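Worksheet: one structure, shown below.
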């Protein structure tokens, strides 16, 4: 019985601090501890978020650079094709000009030569008549 009473008294003594009310200093300490823990958690979370955002940004930037390089290569190819088409067009225009111009030039030259020949033929005929008349 003595042990039972002693045990009950011991339990009552142990449970006394649990029934005590928290003082304002205790509450301030608890708030400070919680605030520090929350602050460290927020800092760690911000650090993880920053690392994640940096990784995603670098990934997106690399993909954008790859896409930009691909588009630039395509534009270079298209520019080369356009340049080739322009050069071919210029060559065809020059060929058409020569194909039409050379025969026209020769025709004009032939007409000039024919007119000169005609003039010379008329002069020869005139000279022949003049010689025939003089004789």
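In my numbering, the protein residues as written are 6 to 140. C-beta atoms are modelled at their ideal positions from N, C-alpha and C, and glycine is treated no differently. Just so we're clear, the structure is a prediction, and the values are computed from it rather than from any experiment.
Check: Contact test: residue 136 Cβ vs the ligand ATP heavy atom, cutoff 7 Å; Outcome: Among the components modelled here there is no ligand, and therefore nothing to report on the ligand ATP.
Check: Range of the contiguous alpha helix (DSSP H) that encloses residue 54; Outcome: 29 to 139
Check: Residue 98 versus residue 91 - alpha carbon distance; Outcome: 10 Å
Check: 6 Å CB neighbourhood of residue 141 in its chain, flanking five on each side removed; Outcome: For the chain, the structure presents residues 6 to 140; residue 141 sits outside this window and is missing.
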